[in-house]
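In this note's numbering, the protein residues as written are 301 to 434. For every residue, glycine included, the Cβ atom is placed at its ideal position computed from N, Cα and C. Values in this document were obtained by computation on a predicted structure and should not be read as measured data.
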């Protein structure tokens, strides 16, 4: 009986046996990767859900070559998306408005406000008038 075990251990493995072992290894590694991915998505959903948009507007530049063009950066540092974001620019008696369709969470977008006439860069102030929840 001991001779039979020795013969079986010394016999080379068939290609089918090697393929089966390789398939099991690949299946195990794939399963671990899928579980890690699902865990990551669940964790992200738990920690990143909820909250409110946190919107800020800042004048980036005023194009003095073109009448009244002011480029404004709108940032949403919150965890939620904001829709229909209304931005207003004021330069003395002049006003300009723009609306962003949506501002995703943790995003930055640029908007160009167009005033009816040329404005000085140091005169332009911007603010967020409001937004809706999508």
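Query	Result
Residue 340 classed as buried or exposed, judged by whether at least 16 other C-beta atoms fall within 10 angstroms	exposed
Check whether residue 410 and residue 372 have beta carbons under 8 Å apart	yes
Classification of residue 403 by the beta-carbon crowding that lies within 10 angstroms, buried from 16 upward	buried
Inter-residue spacing [alpha-carbon to alpha-carbon] between residue 384 and residue 431	5 Å
Where the beta strand (DSSP E) containing residue 379 begins and where it ends	Counting along the chain, residue 379 falls outside any beta strand (DSSP E), and DSSP gives it neither H nor E.
Inter-residue CB distance, residue 424 and residue 370 (contact presumed, cutoff 8 Å)	5 Å
Cβ-Cβ distance between residue 378 and residue 353 below 8 Å	yes
Beta-ladder partner(s) of residue 361, from DSSP	371
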